[in-house]
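The block underneath contains the structure these notes are about, expressed in structure tokens.
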Amino acid sequence: MNKNTYTIVIIYLLMMLIGIIENVKGPIILSIKTFYSVDYTMMGLFLSVGSLGFILSTFFGGFLTEKIGRKLVLLSGLLLILLGIIGISMAPNFILFLLFAFIMNMGMGSVEIGINAIAALVFIMNQAIMMNLLHFFYGVGAIISPNITVKLLHFNFTWQLVYLSVAALAFILILATLAIKIQEGQHIIKEKINYGEILGNKRMWLFAIMLGFYVASELGVGNWAVTFLREWYKMDNTISSLYLSIFFATFTLGRLFGGFIVEKVGYLRSLSVSSLCAAVFIAIGMLSKSLALFNFYFRFFYSIIFPTVIATIMKEFKKHVSAIIGITVTIASTINMFANFLIGKLNDLFGVFVGFSAILVFMIVVVFMSLILSQTIKKEVSE
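Residue 0 is where the sequence shown starts when you use numbering that gives the first Met the number 0, and the numbers rise one by one after that.
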């Protein structure tokens, strides 16, 4: 196996790890709520604090990949994940739990920036296909995570032991990451990055806002779907987690085949069509319990959005791509942070149906932003 092939395999596995960590929360969020005797607003705060950690790491991660190299950013992120998970599992009170959730998400942000930065280096041809395959492994992790979590709970694992099981996997991947070889010296950029120019770019803001509401909608389903099904439709934990797994299964199929569709249809058109279809399926799925499964089939349309946005950024921006991706993901994560808190607050004030409805609103915003972005880019090209 040559060094590029090994590197690609490792970043695919790391993306699977991110999928596992992100989606452990869904089946155990009620257990955490009960353990610390907090309300839904505090659970929304937990998700928002995690988003804040992700925000800070993606902001500095994009800068650091340009300065110290991709591999070091990746390894530092994995160490933060390990520290955060261990801390979460042992936190005696909710304040410390939030602190270690912050650290864990800082690690995930660093790992994601490192993965995307390495992908920009090793994915030379068919970037949409390669990026969708990369995020296909996120879907694999997302399918595995809720199923295994429920099984572990049935074997009388506490939610803390579930997290520690994930920590063991993270440790193994740290050892595997140590062996990747990247010629950092040829790619570390010494030229000063003009952040004012990047922040003044209209396209960057359109990408960031669209990505932010997409992430808020995607993670909103992962974080709150099981709670919604259990509280609103009175489903048991096994069935609701199965529905969530179906959601991620359709997502994974989309990631597996979506890149080929995007290359054929076009990046911008694919973003507009897929986000519209996702919004329609969410709306149908919320009409009744018998249609609830539609909430989880739309993941096929969700699946291509994130990797296609990143691939489009790679095509649209020729300089300082790592920094631009870092800033874009930072802004997107800021939007997601407030969105998660909003869903938790709406759950407490008006019930889980209204809270979950916010996810539909977020996706409608994505539809409009994709149309505006498409028109903006076409206009700039024509000029």
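Where is the CB? At the ideal position from N, CA and C, for every residue including glycine.
Along the chain, where does the alpha helix (DSSP H) containing residue i start, and where does it finish?
i: aspartate 235; result: Segment: none, aspartate 235 is in no alpha helix (DSSP H) and carries neither H nor E.
i: leucine 77; result: 69-89
i: leucine 286; result: That residue, leucine 286, is in no alpha helix (DSSP H); it is neither H nor E in DSSP.
i: valine 320; result: 320-349
i: threonine 311; result: 304-315
i: asparagine 115; result: 93-121
i: alanine 167; result: 158-176
i: glycine 195; result: 194-198
With a threshold of 16 other CB atoms inside 10 Å of the CB of residue i, please say whether the residue is buried or exposed.
i: tyrosine 194; result: exposed
i: histidine 153; result: exposed
i: alanine 178; result: exposed
i: alanine 331; result: buried
i: isoleucine 94; result: exposed
i: threonine 33; result: exposed
i: isoleucine 303; result: buried
i: isoleucine 383; result: Residue 383 cannot be examined here, being either before or after the span of the chain that is shown, 0 to 382.
i: glutamate 111; result: buried
i: asparagine 339; result: buried
i: lysine 70; result: buried
i: methionine 107; result: buried
i: phenylalanine 250; result: buried
i: serine 144; result: buried
i: methionine 362; result: buried
i: asparagine 92; result: exposed
Could you work out which residue in the options is closest to residue i when comparing CA atoms only?
i: methionine 335; options: Gly83, Ser47, Phe136, Val279; result: The residue you asked about is not methionine; residue 335 is asparagine in the sequence shown. Among Gly83, Ser47, Phe136, Val279, the Cα nearest to that of asparagine 335 is on Ser47.
i: methionine 313; options: Met129, Leu63, Ala141, Ile283; result: Met129
i: phenylalanine 53; options: Val279, Val353, Phe361, Phe337; result: Phe337
i: tyrosine 242; options: Ile304, Ile142, Gly86, Ser274; result: Ile142
i: glycine 253; options: Leu132, Leu286, Leu172, Lys70; result: Leu132
i: leucine 218; options: Ile20, Trp204, Leu55; result: Ile20
i: lysine 378; options: Lys201, Lys70, Ser30; result: Lys201
i: glutamine 159; options: Ala90, Gly199, Glu196; result: Ala90
i: phenylalanine 156; options: Met362, Val214, Ser88, Leu97; result: Ser88
i: glycine 60; options: Leu79, Leu44, Gly43; result: Leu79
i: serine 56; options: Gly43, Leu370, Ser109, Lys66; result: Ser109
i: phenylalanine 299; options: Ala169, Ile245, Phe62, Ile197; result: Ile245
i: leucine 98; options: Ser274, Ser50, Gly138; result: Ser50
i: phenylalanine 96; options: Gly258, Trp223, Ile31, Phe349; result: Ile31
i: isoleucine 281; options: Ile181, Val360, Asn92, Phe316; result: Val360
i: isoleucine 181; options: Leu74, Asn92, Leu270; result: Leu74
i: leucine 16; options: Tyr35, Leu44, Trp223, Phe135; result: Phe135
i: isoleucine 84; options: Lys66, Phe45, Ala169; result: Ala169
i: serine 271; options: Asn146, Leu370, Glu262, Leu255; result: Leu370
i: serine 287; options: Lys150, Lys233, Met41; result: Lys233
i: tyrosine 301; options: Ser216, Leu163, Asn222, Arg268; result: Ser216
i: alanine 248; options: Asn146, Ile197, Leu172, Leu198; result: Asn146
i: alanine 383; options: Val220, Tyr5, Tyr35; result: With the chain covering 0 to 382 only, the question about residue 383 has no answer from this structure.
i: valine 225; options: Gly43, Phe256, Phe212, Leu29; result: Leu29
i: valine 364; options: Gly199, Thr40, Phe212, Lys150; result: Phe212
i: methionine 285; options: Val220, Ile171, Met368, Gly138; result: Val220
Quick one: what's got a C-beta closer than 8 Å to residue i's C-beta in the same chain, skipping five residues either side?
i: alanine 175; result: Ile9, Leu12
i: valine 214; result: Phe305, Ala331, Ser332, Ile334, Asn335
i: threonine 375; result: Lys201, Arg202, Leu205
i: valine 366; result: Ser271, Ser274, Leu275, Ala278
i: leucine 372; result: Arg202, Leu205, Phe206, Met209, Leu267, Leu270
i: leucine 105; result: Strictly speaking, residue 105 in this sequence is methionine, with leucine absent from that position. Answer for methionine 105: Gly52, Phe53, Leu55, Ser56, Gly76, Leu79, Gly83, listed in chain order.
i: isoleucine 197; result: Met203, His319, Ala322, Ile323, Ile326
Here's a check: name, in chain order, each residue in its chain whose Cβ is nearer than 7 Å to the Cβ of residue i, leaving out the five neighbours to either side.
i: leucine 82; result: Ile102
i: threonine 148; result: Val23, Pro26, Ile27, Val161
i: isoleucine 309; result: Asn115, Met130, Ile324
i: threonine 327; result: Met203, Phe206, Ala207, Leu210, Ile312
i: leucine 345; result: Val353, Gly354, Ala357
i: aspartate 38; result: Asp347
i: phenylalanine 45; result: Leu97, Ala100
i: leucine 341; result: Ala357
i: histidine 186; result: Interpretation of histidine 186 is limited by its pLDDT of 46, a score under 50 that renders its predicted location unreliable; the figure taken from the coordinates is listed afterwards. Closer than 7 Å at Cβ, skipping near neighbours: Leu120.
Quick one: what's got a C-beta closer than 6 Å to residue i's C-beta in the same chain, skipping five residues either side?
i: tryptophan 231; result: Val351, Phe352
i: threonine 64; result: Val72, Ala116, Ser321
i: asparagine 3; result: Val121
i: phenylalanine 227; result: Val351, Phe355
i: serine 164; result: none
i: leucine 255; result: Phe135
i: threonine 329; result: Ile54, Thr57, Phe58
Should residue i be flagged as near chain B, meaning a C-beta pair shorter than 8 Å?
i: phenylalanine 316; result: Among the chains of the structure shown, chain B does not appear; only one protein chain is present.
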